[in-house]
Structures are given as C-alpha cells and as structure tokens.
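Undergrad: Okay, handing you the structure first.
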Amino acid sequence: MANYFKLEHNHFYSVCMNVVLKPIEERKTIRKFGVRACCGIDCPTSISQNVSYVFVILLKIRILRKGKIPMPPHELTEEEKQQILHSEEFLTFFDHSSRIVERALSEQVDVCFDYSGRDLQDKEGETQAGTKLSLNRQFMDERWSRHRVVTCLDWSSQYPELLVASYSSNEEAPHEPDGVALVWNMKYKKTTPEYVFHCQSAVMSAAFARFHPNLVVGGTYSGQIVLWDNRSNKRTPVQRTPLSASAHTHPVYCVNVVGTQNAHNLISISTDGKMCSWSLDMLSTPQDSLELVFKQSKPVAVTSMSFPLGDVNNFVVGSEDGTVYTACRHGSKAGISDMFEGHHGPVTGLDCHTAAGPVDFSHLFVTSSFDWTVKLWSTRNTKPLYSFEDNSDYVYDVMWSPAHPALFACVDGVGHLDLWNLNNETEVPTASVTVEGSPALNRVRWANSGREVAVGDSEGQVHIYDVGEIAVPRQDEWSRFVRTLTELNENQEDAEELATQRLVA
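Residue numbers for the sequence shown follow full-length UniProt numbering, beginning at 1 and rising by one.
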C-alpha cells in the first residue's frame, strides 16, 4: 500500500481497482468518474490517509453517478432532540458506548513490554516477595456504595471477571433507594460499576443466576425476591415475588440457584424458617415451599445456607441461636434432619466443601459466629471436629477454597482476612492481612479459579486480594488432608476422654 503514495491523480482508477476488488461494471464507473472525483483532494501521505482517501473518492463517485449533491443536514428542533435522547435506541446505544469508552480511558497498558523475558527477569524478585496476599483492586462508588454495608458477594460463573455485591440501606441518604446491587468488572481498570441495580428494600443476599448469565437475583429485607436483567435499560427489577403468605414476609439472607442446565431452581430461605423453590421464569408464586422446624418446635431462624458439592436435595443451614442443622428438600423426611450444637452466638457464615479431587470431602463444612470462632464440622458427626479460636472479634463469614481441599478464608470485625491451610497449621492462619483502616469485614468470596478472594466491608468497599501460590494445591494435598482429619479426630477423642475423666474425679 505504501507504493500508492507516489501515484498521480490521473492514475487513481488503478489504485481503486487494486485496493477495492470491484465487479467489471463498477471498475468502468471508477475509470469514468475517477479523475473528476479526485479534484480538490490532496494525495495521501500515510497508510491511514490512503485508506481514507480511497473511501472519500468512492463516495464522490457514488454522488457523481447519481447526479446529486447531498442536501445539508436538517437542523433538529429541541423537541426532536429530546425525543432522540429519551428513545430506547439511543439509551441502549449510549449505555453500551459509554461503558466501552470508560474501559478504554481507564486502561494503562505497557506498550513497551518485552516478551523476550527481560521484563520478567526484572520483576522476578517482586513476584517472589508477594506469593501470599497482595491487594489487587478496590471497588467503591461515592453515590451507590459509600455508607452502606456490603451484605453479599458472588462471582459470575459465565464471566469470571464479574463480581456482584449487594448493599444495605444508606441512612445518610433517605431519598436514595434502600437496596443496591453493583456489578464490578475485574477485567478493566475503570473504577465505576459495570451495572447499577436497585430496589426499595435493603438487599441482604445476591447471586448471579447460574445458567442465566444476564440475570442477578436478590433477597431483600422485606422478604421479596427480586430479579434484575442487564439486557434491560431499567435499573429496577424486571421481576419480583409478591409480599404474601405464599412467599416470604421476613428477611431473606439466602438465595442460591441449584440444579443442572435443563432442570434448576432458585432456592430461598427467610428468617422465619420458610424455604421456597422458584422458577426464574415466573416469580409470582413458588413452585414448592417448606417450613424448617426442628422436632415440631419453633421455626429455625436461618441466617446462612449451603449445598454440598453436586447435591440439590440435601443442604446445611445456620441459625440465629447458634445451632446448625442439616435438612433435605424432598422425600418422606423433608425438612430438618440433624442438629449440630457448638456455637455460643448467631451463625454468621456457613460453607460446604467444594474442591473436587480424588477424595470426596463433601461431608465437611465450616461455620463462623459471633462467638469469635470458626468451627470445622462433618455431617457424619454432630459435634465439631475442630474449633479455630485465633480471632479477637466477631467472625462474620467463612468460605472454603474452590481449588484447594484444605484451605479456607474467614473475615472478622477488626479488618482481618485470614487464610487457613489445615495441612500446614491448625493453630494460627497460614496467611493474614488487615485491611487499611481496620473496617469490619462482613463478607468473603473466593473467585472461581481460587486465585483471588474478595472481601466486603462495613463502609461499602470491596477489596480483591491475589492469593498467590498458597492457593495452588500440590498433588498430595488430598491425601495429606485425609491424615489431617484423622489427627483432628484423634485429638478430639482424646480431649473428650480427658474431660470425662476430670468429671469423674
């Protein structure tokens, strides 16, 4: 293309034939009108100018063929401008385009990066020094998240760079919506949310709807389940459940989509012990409902819920009175199955083991509580296998690593994020970091890869930490974890025997 720069105007038709492969009839037209079309246009001096040059000439040829000169653009009236600005097409275009421009403006790409390896050698020391926990990103929006507590976090399984965070009401802004859910994007360096959703009640739980990548589900303080769709230009829910006796009328702290691509349901539980199963296509009435009551006594005030890996029927719940229960959705024994006592305060977080590997650990789960402890449990034993008591404040949440069988993360009320690798140590965390300012950390959520962990605080900020090599399991981690569990069981039995002897004495 560089050779075209030296061509004369009267040779333009050959340029057009070489650059734009046209039918024979159109080439004749170019020969006929090419010289006339070149009048008043400077020859190109660069590749980009050459492309523009060709297209300008082709446009002029088209005008000459039609024998018409284009009319000057019509000046829009103020009413026409407002019609365009408020049209569905413009709003969709503007929302999409502004998001792309914002991403581009926020990027800081090193265009001089050397792929031969020299840059990697220079940074090798930095990489080795930060193999545990390092702050990657912080997300906070001045209007939508400041002065709100982060109530829930969830990563998208379809788009792993997307993270949804739900927020409580902002008492300092009574005219703003009580409930907010923001979708943050890890892929780009922009500091504003990818999507902003809101509703009229504080959002206590939120999740990306599995198998429906455009949908976000929220459980609210009023008891309503709301559904947002990022394909809609509205920030308000596209669907919501009724506030009636057939649905929830108490706060919903637990929402989860379980099942397979062709058979799945939204499961929700409120603090009055009512569990509902919904179809995402119709939230007007639940498909099924169940009252969680232990031995026909008072309802279970559920604060947390988790399903074991690959199970859609059996699940575990934590309650306000510190008790943990196993339960099932279907069958002759639907409802509460077993009770697990051990905490001396409300259960704030609960998570079933999810790391798939050569050994099945799906019977394990961990819980956190206001009693300053994290406890390890097995559904095969109603007593805790171990109690982690290194924290000095309320422990607000806990979650297993999705990749490492012996690793979990927990957060507390003084800004500590702790990682526990039980194959290495059970007395103190393997890695720990304190968030700047020591805000109460209310939620923790591992990324699907297990290489990043997100935490949400009481001031409306979301912090993303790179975990490093500690999150990468070795081949023998599963067998080592079997030995670790055996040792914990033996120690527990010894402790119980010693306690019995002391009582007898």
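Quick reminder that beta carbons are idealized off the backbone N, C-alpha and C, glycines included.
1. Please return the same chain residues whose Cβ sits closer than 7 Å to the Cβ of Thr285, not counting the five positions on each side in sequence.
2. Under 8 Å, with one C-beta from each stretch per pair, do the region 455-472 and the region 419-434 reach the 3-pair mark?
3. Have a look at the DSSP bridge pairing and note the partners of Pro308.
4. Is His264 closer than 7 Å to Val257 when the C-beta atoms are compared?
5. In this structure, does DSSP put Asp95 in helix, strand or coil?
6. Pairing CB atoms from the region 420-427 with CB atoms from the region 379-392, are three or more of them under 8 Å?
7. Measure the alpha-carbon distance for Ala181 versus Val203 and round it to whole angstroms.
8. Does Ile84 pass the burial test, meaning 16 or more other C-beta atoms within 10 Å, or should it be called exposed?
9. Going by the beta-carbon positions, is the gap between Glu461 and Met186 smaller than 7 Å?
10. Please confirm whether Pro160 and Asn448 have their CB atoms less than 7 Å apart.
11. Work out the CA separation of Phe365 and Ser305 for me, nearest whole Å.
12. For Cys276, which of His248, Val300, Val216, Val293 has the nearest alpha-carbon?
13. Tell me whether the beta-carbon of Val374 lies closer than 7 Å to the beta-carbon of Val411.
14. In terms of residues, what are the limits of the beta strand (DSSP E) holding Ile84?
15. Name the two residues that bound the continuous beta strand (DSSP E) containing Lys190.
16. Between which two residues does the beta strand (DSSP E) holding Tyr386 run?
17. Output the residue ranges of the alpha helix (DSSP H) runs that lie fully inside the region 122-171 and measure 4 residues or longer, sorted by chain position.
18. Excluding the five sequence neighbours on either side, which residues of its own chain have a C-beta within less than 6 Å of the C-beta of Thr354, listed in chain order?
19. So that I know if they touch, is there some Cβ in chain B lying closer than 7 Å to that of Ala403?
20. Grouping DSSP H, G and I as helix and E and B as strand, with all else coil, what is Leu488?
21. Might you give, ordered along the chain, the residues of its own chain that have their beta carbon closer than 7 Å to the beta carbon of Pro299, omitting 5 neighbours on each side?
22. Is it right to say Pro358 is buried, meaning 16 or more other beta carbons lie within 10 angstroms of its own, or is it exposed?
23. Here's the rule I'm using: 16 or more other beta-carbon atoms within 10 Å means buried, otherwise exposed. How should Gly437 be labelled?
24. If you follow the beta strand (DSSP E) that residue 506 is in, where does it begin and where does it stop?
25. Tell me, to the nearest whole angstrom, how far the beta carbon of Asn314 is from that of Thr326; I am working on the premise that it is less than 8 Å.
26. Give a yes or no on whether the C-beta atoms belonging to Trp478 and Pro384 are separated by under 7 Å.
27. Nearest to Asn381 by CA position, among Ser368, Val398, Asp338, is which residue?
28. Name, in chain order, the residues that DSSP records as bridge partners for Ala447.
29. Which residue marks the beginning of the beta strand (DSSP E) containing Leu350, and which one marks its end?
30. For residue 507 and Asn442, I'd like the C-alpha separation in whole angstroms.
31. Look at Ala301 and Ser319 and say whether their C-beta atoms are less than 7 Å apart.
32. Would you grab the beta carbon distance between His330 and Ser369 for me? Rounded to a whole angstrom, and I think it's under 8 Å.
33. Of the residues Cys199, Pro193, Trp228, Thr191, which one's Cα is nearest the Cα of Ala209?
34. How many angstroms separate the CA atom of Pro44 from the CA atom of Pro72?
35. Using C-beta distances below 8 Å, list every residue in its chain close to residue 551, excluding the 5 sequence neighbours before and after it, in chain order.
36. Under 6 Å Cβ to Cβ from Thr236, same chain only, skipping five residues before and after it: list those, please.
TA: Checking against the coordinates, here is how it stands:
1. Position 285 of the sequence shown holds residue 285. For Thr285, where only same-chain residues beyond five positions count, the Cβ hits under 7 Å are Ser246.
2. yes
3. Here residue 308 refers to the residue found at position 308 of the sequence shown. Bridge partners of Pro308: none, in fact.
4. Along the sequence shown, one-based indexing puts residue 257 at 257. Along the sequence shown, one-based indexing puts residue 264 at 264. Result yes, Cβ atoms of Val257 and His264 sit closer than 7 Å.
5. What you label residue 95 is simply residue 95 of the sequence shown in a count that begins at 1. Note: Asp95 maps to helix in three-state DSSP.
6. Counting C-beta pairs with one atom in each stretch, the region 420-427 and the region 379-392 have three or more that are closer than 8 Å, which means they touch.
7. Here the question's residue 181 lines up with position 181 in the sequence shown. Here the question's residue 203 lines up with position 203 in the sequence shown. If I take the Cα positions, the gap works out to 7 Å.
8. Mapped onto the sequence shown, residue 84 falls at position 84. Burial is judged here by how many other beta carbons sit within 10 angstroms of a residue's own beta carbon; Ile84 has fewer than 16 and is exposed.
9. As a working note, residue 461 is residue 461 in the sequence shown. As a working note, residue 186 is residue 186 in the sequence shown. Strictly speaking, residue 461 in this sequence is Gln, with Glu absent from that position. Taking 7 Å as the cut-off, the Cβ atoms of Gln461 and Met186 do not count as close.
10. Position 160 of the sequence shown, counting from 1, holds the residue named residue 160. Position 448 of the sequence shown, counting from 1, holds the residue named residue 448. Result yes, Cβ atoms of Pro160 and Asn448 sit closer than 7 Å.
11. Working through the sequence shown from its first residue, we reach residue 305 at position 305. Working through the sequence shown from its first residue, we reach residue 365 at position 365. Per the sequence presented here, residue 305 reads as Met, with Ser not at that position. For Met305 and Phe365, the distance between alpha carbons rounds to 11 Å.
12. Position 276 of the sequence shown, counted from the start, is the residue given in the question as residue 276. Ranking His248, Val300, Val216, Val293 by Cα distance to Cys276 puts His248 first.
13. Locating residue 374 in the sequence shown gives position 374, counting from the first residue. Locating residue 411 in the sequence shown gives position 411, counting from the first residue. No.
14. Taking the first residue of the sequence shown as 1, we reach residue 84 at position 84. Careful: Ile84 lies outside any beta strand (DSSP E), inside the alpha helix (DSSP H) at 78-85.
15. Numbered from 1 along the sequence shown, position 190 holds the residue referred to as residue 190. That residue, Lys190, is in no beta strand (DSSP E); it is neither H nor E in DSSP.
16. What you label residue 386 is simply residue 386 of the sequence shown in a count that begins at 1. It spans 381-388 - the beta strand (DSSP E) in which Tyr386 sits, taken as one unbroken run.
17. With a minimum length of 4 residues, the unbroken runs of alpha helix (DSSP H) contained wholly in the region 122-171 fall at 124-129.
18. Translated into the one-based positions of the sequence shown, residue 354 becomes position 354. Same-chain partners within the cutoff: Leu309, Trp400, Pro402.
19. Protein chain content of the structure displayed is limited to a single chain, and chain B is not contained in it.
20. Here residue 488 refers to the residue found at position 488 of the sequence shown. Three-state result, Leu488: helix.
21. Within the sequence shown, residue 299 is the residue found at index 299, counting from 1. Taken in chain order, the residues that qualify are Asp272, Gly273, Glu291, Leu292, Val293.
22. Your numbering for residue 358 matches position 358 in the sequence shown. So Pro358 counts as exposed.
23. Position 437 of the sequence shown holds residue 437. Exposed, by the Cβ-count rule.
24. Summary: the structure shown does not reach residue 506, with the chain confined to residues 1 through 505, and so no result is reported for it.
25. Position 314 of the sequence shown holds residue 314. Position 326 of the sequence shown holds residue 326. Contact holds; Cβ gap of about 7 Å.
26. Start at 1 with the first residue of the sequence shown, and residue 478 comes out as number 478. Start at 1 with the first residue of the sequence shown, and residue 384 comes out as number 384. No, the pair does not count as a contact, with Cβ atoms beyond the cut-off.
27. Locating residue 381 in the sequence shown gives position 381, counting from the first residue. The option with the nearest alpha carbon to Asn381 is Asp338.
28. Counted from its first residue, the sequence shown places residue 447 at position 447. None; Ala447 has no bridge partner.
29. Residue 350 sits at position 350 when you count from the first residue of the sequence shown. Counting along the chain, the beta strand (DSSP E) containing Leu350 begins and ends at 347-352.
30. Nothing can be reported for residue 507: it is not among the residues displayed for the chain, which extend from 1 to 505.
31. On the sequence shown, position 301 is the one that residue 301 refers to. On the sequence shown, position 319 is the one that residue 319 refers to. Result yes, Cβ atoms of Ala301 and Ser319 sit closer than 7 Å.
32. Indexing the sequence shown from 1 puts residue 330 at position 330. Indexing the sequence shown from 1 puts residue 369 at position 369. At roughly 30 Å, the Cβ-Cβ gap does not stay under 8 Å, so His330 and Ser369 are not in contact.
33. Along the sequence shown, one-based indexing puts residue 209 at 209. The shortest C-alpha separation from Ala209 is found at Trp228.
34. Here residue 44 is taken as the residue at index 44 of the sequence shown, counted from 1. Here residue 72 is taken as the residue at index 72 of the sequence shown, counted from 1. Any reading at Pro44 is ruled out, since the residue's pLDDT is 48, under 50, leaving its predicted position unreliable.
35. Only positions 1 to 505 of the chain appear in this structure, which leaves residue 551 out of reach.
36. The residue given as residue 236 occupies position 236 in the sequence shown. Taken in chain order, the list of residues that qualify is empty.
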